[in-house]
Amino acid sequence: MIEKYVCIVCGRMFPQGQGVKITIKGTDYYFHSKACAYKFLREVVLSVDPDCISGVAKDVRRKYDDILEKKREASKKVI
């Protein structure tokens, strides 16, 4: 039998294998859609002290800047 989960944002039930699962320090959070996961994560980020999260945000931004730069380099035409 397929296990069912309940979205913690909207309360909708959904089967295992669908939705989004996020684990933070051993606690699982289940969302039926990426929109509900986004609502939850946005609230978490806005509730956290900016001093605690700014370093992590800069690191992640740098990571994605590097990825985009590599994509640009790879897509350049060689003549």
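In this text, residue positions in the sequence shown follow the numbering used here: the first is 1, and each later residue adds one. A virtual CB, placed ideally from N, CA and C, is assigned to each residue, including glycine.
Query                                                                                                                              : Result
From the DSSP output, in three-state form, read off Val45 for me.                                                                  : helix
For Gly26 and Ala57, I'd like the C-alpha separation in whole angstroms.                                                           : 22 Å
Does DSSP put Ile2 in a helix, in a strand, or in coil?                                                                            : coil
Using the Cα positions of Val9 and Lys76, report the straight-line distance between them to the nearest angstrom.                  : 44 Å
Opposite Pro15 in the DSSP bridges: which residues?                                                                                : Lys4
Apart from the five residues on each side of it in sequence, which residues of its chain come closer than 8 Å, Cβ to Cβ, to Lys39? : Val9
Quick one: what does DSSP say Val20 is sitting in, helix, strand or coil?                                                          : strand
Let's see if you can read the secondary structure: which residues bound the alpha helix (DSSP H) around Lys60?                     : Sequence inspection shows Val at residue 60; the Lys mentioned does not correspond to that position. From DSSP, the alpha helix (DSSP H) with Val60 extends over 50-75.
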